[in-house]
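Everything on this sheet refers to the single structure shown next.
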Amino acid sequence: MGNNNGYLPLFETKSSRRPFLIKLYVLTISVAICVIWVYRVRYLPVEGILERWAWIGMFFAELWFSFYWFITHLVRWNPIFRYTFKDRLSQRAESSGIKLYGDMKNGIEVTSKQGQVPEKIRKEHKGFSEWDFVSSRHDHQTIVQILIDGRDPLAMDDEGQRLPTLVYLSREKSQYPHNFKAGAMNALIRVSSRISNGPIILNVDCDMYSNNSSSLRDALCFFMDEEKGHEIGYVQYPQSMMNVTKNDLYGNSLNVIFKMEFPGIDANGGPMYIGTGCFHRRVNLRERKHCNEHKVDWKRVADIKIEGNARDLEEECKVLASYAYEESTQWGIEVGLKYGCLLEDGMTGFSIRCRGWRSVYFNPERKGFLGLAPTTLLQTLVQQERWSGGELQILLSRHGPFFDGYKNIPLKLLLSYCIYFLWAANCFPTLYYVVVPSLCLLRGISLFPKTRRKLYVPQASSPWIHAFAYAFFADRAYGLVEFLWCDGTFQGWWNDQRIWMFKRTTSYLVGFCDTILKMLGFTNHAFVVTDKVASEDASKRYEQEIMEFGVPSPTFNILATLALLNIFSFIGGIKMVISDVENKVLDLFTSQLVLSGLIVLINLPVYEGLFFRKDSGRIPNSVTYKSLIVSLLACAIALH
Numbered sequence: 000m001g002n003n004n005g006y007l008p009l010f011e012t013k014s015s016r017r018p019f020l021i022k023l024y025v026l027t028i029s030v031a032i033c034v035i036w037v038y039r040v041r042y043l044p045v046e047g048i049l050e051r052w053a054w055i056g057m058f059f060a061e062l063w064f065s066f067y068w069f070i071t072h073l074v075r076w077n078p079i080f081r082y083t084f085k086d087r088l089s090q091r092a093e094s095s096g097i098k099l100y101g102d103m104k105n106g107i108e109v110t111s112k113q114g115q116v117p118e119k120i121r122k123e124h125k126g127f128s129e130w131d132f133v134s135s136r137h138d139h140q141t142i143v144q145i146l147i148d149g150r151d152p153l154a155m156d157d158e159g160q161r162l163p164t165l166v167y168l169s170r171e172k173s174q175y176p177h178n179f180k181a182g183a184m185n186a187l188i189r190v191s192s193r194i195s196n197g198p199i200i201l202n203v204d205c206d207m208y209s210n211n212s213s214s215l216r217d218a219l220c221f222f223m224d225e226e227k228g229h230e231i232g233y234v235q236y237p238q239s240m241m242n243v244t245k246n247d248l249y250g251n252s253l254n255v256i257f258k259m260e261f262p263g264i265d266a267n268g269g270p271m272y273i274g275t276g277c278f279h280r281r282v283n284l285r286e287r288k289h290c291n292e293h294k295v296d297w298k299r300v301a302d303i304k305i306e307g308n309a310r311d312l313e314e315e316c317k318v319l320a321s322y323a324y325e326e327s328t329q330w331g332i333e334v335g336l337k338y339g340c341l342l343e344d345g346m347t348g349f350s351i352r353c354r355g356w357r358s359v360y361f362n363p364e365r366k367g368f369l370g371l372a373p374t375t376l377l378q379t380l381v382q383q384e385r386w387s388g389g390e391l392q393i394l395l396s397r398h399g400p401f402f403d404g405y406k407n408i409p410l411k412l413l414l415s416y417c418i419y420f421l422w423a424a425n426c427f428p429t430l431y432y433v434v435v436p437s438l439c440l441l442r443g444i445s446l447f448p449k450t451r452r453k454l455y456v457p458q459a460s461s462p463w464i465h466a467f468a469y470a471f472f473a474d475r476a477y478g479l480v481e482f483l484w485c486d487g488t489f490q491g492w493w494n495d496q497r498i499w500m501f502k503r504t505t506s507y508l509v510g511f512c513d514t515i516l517k518m519l520g521f522t523n524h525a526f527v528v529t530d531k532v533a534s535e536d537a538s539k540r541y542e543q544e545i546m547e548f549g550v551p552s553p554t555f556n557i558l559a560t561l562a563l564l565n566i567f568s569f570i571g572g573i574k575m576v577i578s579d580v581e582n583k584v585l586d587l588f589t590s591q592l593v594l595s596g597l598i599v600l601i602n603l604p605v606y607e608g609l610f611f612r613k614d615s616g617r618i619p620n621s622v623t624y625k626s627l628i629v630s631l632l633a634c635a636i637a638l639h
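Below, the structure written as structure tokens:
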């Protein structure tokens with residue numbers, strides 16, 4: 000573990016090779032994919048324009064699915080796992096802060112319920128009284144209050160332990176753009192630089208809290224390692240949720256991503272910055288380039304003294320957190336978090352990697368941080384819309400892989416990031432597979448190999464169908480095993496399949512269109528904060544795992560239209576099979592019937608919301624009527 004100079008690493012990295020059965024699965028699926036490609040090229044229809052173009056569209060959709068499947072398994076091929084040696088860190092006195100944390104938590108809860116700072120806290124800390132002269136929380140001056148000055152020898156807890164500095168900051172807001180989360184983070188970076196100037200910054204979302212008191216020491220094991228620590232720009236923890244239902248109704252746990260994909264991305268070079276649960280080296284947010292001079296003398300850092308009394312510091316920090324401070328500076332461009340992107344954290348992390356810093360993914364047995372997941376379907380889809388649109392914006396931006404990335408980041412890592420960069424682009428092949436085979440079923444156009452050539456002779460099945468069947472069912476079986484291994488349930492896996500289709504056909508579509516229109520100058524991006532608060536009735540339905548619709552939304556129009564289109568096509572296909580005496584329909588269209596039937600099963604909660612539920616969480620009548628009209632019109636066009 001050590002070397003001749005007495006060096007002991009503060010962390011170790013272990014690789015995990017994939018089991019033989021998984022390698023066999025990847026190999027056999029690859030063979031099946033090649034067989035499908037051969038089939039599509041060999042049996043391209045020569046007659047009928049509709050038949051030919053429908054076939055070509057299926058081929059391109061399958062090419063895309065194959066490419067995306069390939070990069071996904073490339074990422075997961077050789078994952079690594081990190082382990083820290085906290086006992087090797089020098090033993091330093093640590094402030095307990097437990098009572099302080101409890102008091103803060105209670106104060107925040109009371110303030111949230113009352114909508115204002117309680118009178119007792121206002122009297123104790125004069126800075127809060129400035130809110131008396133504010134007419135709107137969206138239009139106010141900078142408010143800074145040093146609640147606890149860690150330099151004060153009297154700042155101690157009940158056990159006599161020194162307390163850390165605690166500062167309340169509300170940056171200036173006015174009619175000018177304030178750049179949302181990125182602007183808030185940049186103001187906090189500047190203010191903290193003046194008050195404490197600590198070399199490490201922890202960033203968590205406002206709905207997340209620390210669940211592991213060892214998180215900081217774990218992160219320091221990476222930053223303070225003598226040989227590799229100076230290369231690490233940030234340490235990313237998984238985004239874990241504490242309010243996910245037993246069967247993960249809306250697929251918000253992201254367990255497969257954080258347990259299967261991120262360790263693989265870490266092996267390929269390091270994860271992206273996901274905006275929360277992340278320890279940053281301050282210098283990587285303040286300077287443009289990484290260099291070997293960033294090795295830190297931690298003893299010297301501990302001796303840094305901040306000059307000025309609390310009152311003077313507060314006045315200086317008001318200037319640092321004002322809107323005017325950033326004018327004609329590089330903040331938001333080259334310094335701090337990036338502005339102008341829906342996913343400012345992703346853009347910032349990618350830029351940090353391009354500057355030469357490495358990143359580390361750490362997933363301890365006890366979750367480092369816990370937060371709140373969306374509790375309604377619309378909240379989930381809106382969040383996915385912002386994420387997918389933001390990732391696409393990074394891909395196409397001048398700071399993305401096509402411009403800065405390919406020169407500074409290894410190809411394998413770029414391909415790893417493409418899993419997320421291409422989220423939005425997945426909408427088109429998925430929509431094609433959900434819509435076109437169903438409409439072609441109504442029109443009598445076969446898009447898959449025959450299942451039988453002669454009645455009552457199963458062995459006469461077309462050999463090509465075996466490749467399609469194996470690729471589909473083996474991939475779903477592998478996904479199920481993977482989901483169960485990540486502490487999921489069978490019902491949770493089925494819910495995840497449903498949300499997988501919902502977000503690809505709605506959120507990714509809207510995110511793609513919005514991003515392209517914005518980049519072409521036709522629209523402006525609006526940063527949409529994901530609402531995590533639901534009504535009492537909606538919360539009860541969430542706990543009972545009943546899907547929540549409730550409000551009119553273009554997203555629900557798409558979902559309902561696709562669900563109705565497939566059930567109409569499925570019923571039409573069954574009718575064709577029943578009326579076909581020679582069973583030729585079943586011979587030609589079994590695969591399309593199975594596909595349409597699976598889509599119908601996935602959409603059962605949508606049908607319940609459309610026709611059977613009477614509670615306030617049902618799909619509104621306006622959505623039902625619009626979807627019925629559009630789906631019936633599409634079926635009528637297909638039939639005629």
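Residue 0 is where the sequence shown starts when you use numbering that gives the first Met the number 0, and the numbers rise one by one after that. Backbone N, C-alpha and C fix where the C-beta goes; we use that ideal spot for every residue, glycine too.
Residue i, buried or exposed, once every other Cβ within 10 Å from all chains shown has been counted against 16
i	result
N494	buried
F222	buried
Q90	Residue placement at Q90 is poorly supported in this model, since its pLDDT is 46, which falls under 50; the coordinates still yield a value, given next. Exposed.
S626	buried
I408	buried
L12	The sequence as given places Thr at residue 12; Leu does not occur at that position. Exposed, by the Cβ-count rule.
C33	exposed
V234	buried
G307	exposed
N523	exposed
I577	exposed
W52	exposed
V30	exposed
R170	buried
I188	buried
Cut-off 6 angstroms between Cβ atoms - residues of its own chain near residue i, not counting five sequence neighbours on either side
i	result
A468	none
Y405	none
R442	A637
G274	D344
S239	K366 and L369
L413	P400 and G404
F19	none
M241	L369
Cα-Cα separation, residue i to residue j
i	j	result
P78	S15	6 angstroms
F511	L73	25 angstroms
V190	Y167	10 angstroms
S65	P428	11 angstroms
H651	W463	Given that the chain is displayed from residue 0 to residue 639, the structure contains no residue 651 and the question cannot be resolved.
P457	A470	Because P457 carries a pLDDT of 44, less than 50, the predicted location of this residue cannot be relied on, and the following value inherits that uncertainty. C-alpha separation (whole angstroms): 20 angstroms.
P117	E314	24 angstroms
T589	E607	26 angstroms
Beta-carbon proximity list for residue i, same chain, < 8 angstroms, skipping 5 on both sides
i	result
Q591	P436, S437, C439, L440, S445, L446, F447 and G572
N283	G232, Y233, H289, I351, R354 and W356
C220	L9, F10, T83, F84, K85, R87 and L88
Close-in-space but distant-in-sequence residues of the same chain around residue i (CB under 7 angstroms, 5 per side omitted)
i	result
E481	V255 and M259
L594	P436
F58	R39
Distance cut-off 6 angstroms: residue i Cβ against heavy atoms of the ligand SAH
i	result
L585	This structure does not include the ligand SAH; it has no bound ligands of any sort.
* Which runs of the beta strand (DSSP E), 3 residues or longer, sit entirely within the stretch 219-286? -> Here the runs fully enclosed are 231-235 and 277-280.
**Asked** If we count Cβ pairs, one from each stretch, closer than 8 angstroms, do we get three or more for the stretch 338-345 versus the stretch 389-399?
**Response** Cβ pair count under 8 angstroms is three or more, so yes.
Between the stretch 229-247 and the stretch 479-497, can you find at least three pairs of beta-carbon atoms closer than 8 angstroms? Contact holds: three or more Cβ-Cβ distances are below 8 angstroms.
- [ ] Please go through the stretch 415-457 and give each complete alpha helix (DSSP H) segment of 4 or more residues, from N-terminal end onward.
- [x] Contiguous alpha helix (DSSP H) elements confined to the stretch 415-457 occur at 426-442, taking only those with 4 or more residues.
Exercise for the section: Kindly provide the ranges of any alpha helix (DSSP H) runs that are 4 or more residues long and lie completely inside the stretch 371-407, ordered along the chain. Expected result: Qualifying alpha helix (DSSP H) stretches, in chain order: 376-395.
* Do the stretch 381-394 and the stretch 410-430 touch if we need at least three Cβ pairs shorter than 8 angstroms? -> Yes, the stretch 381-394 is in contact with the stretch 410-430.
Can you find at least 3 beta carbon pairs, one from the stretch 609-623 and one from the stretch 540-547, that sit closer than 8 angstroms? The stretch 609-623 vs the stretch 540-547: in contact.
Checklist line | Segment contact, 8 angstroms Cβ cut-off, at least three pairs: the stretch 159-166 with the stretch 137-150 | finding: Segment contact: the stretch 159-166 against the stretch 137-150, three or more CB-CB distances shorter than 8 angstroms; contact assigned.
For the stretch 304-342, list the alpha helix (DSSP H) runs that are entirely contained and at least 4 residues long, ordered along the chain. Complete alpha helix (DSSP H) runs here, min 4: 309-319.
Decide if the stretch 371-380 is in contact with the stretch 424-436; the criterion is three or more beta carbon pairs, one per stretch, under 8 angstroms apart. With the cut-off at 8 angstroms, the stretch 371-380 and the stretch 424-436 do not touch.
- Query: Can you list the alpha helix (DSSP H) stretches of 4 or more residues lying completely in the stretch 574-604, in chain order?
  - Reply: Fully enclosed alpha helix (DSSP H) runs of 4 or longer: 583-601.
Contact the stretch 495-506 vs the stretch 554-561: 3+ CB pairs below 8 angstroms
Contact between the stretch 495-506 and the stretch 554-561 is present, because at least three Cβ pairs lie under 8 angstroms.
Alpha helix (DSSP H) runs contained entirely in the stretch 463-490, provided each spans 4 or more residues: Counting only unbroken stretches of 4 or more residues, the alpha helix (DSSP H) elements lying wholly within the stretch 463-490 are 463-484, in sequence order.
- Flag this pair as touching only if the stretch 263-270 and the stretch 175-193 have three or more C-beta atom pairs under 8 angstroms; answer yes or no. No: fewer than three Cβ pairs fall under 8 angstroms.
* To do: Tell me the start and end of each unbroken alpha helix (DSSP H) in the stretch 125-211 that is at least 4 residues and wholly inside, in chain order.
  => Inside the stretch 125-211, DSSP marks whole alpha helix (DSSP H) runs of 4 or more residues at positions 179-194, from first to last along the chain.
_Whole alpha helix (DSSP H) elements within the stretch 21-102, 4-residue minimum_ = As for any alpha helix (DSSP H) of minimum length 4 sitting wholly inside the stretch 21-102, the runs are 48-75, ordered along the chain.
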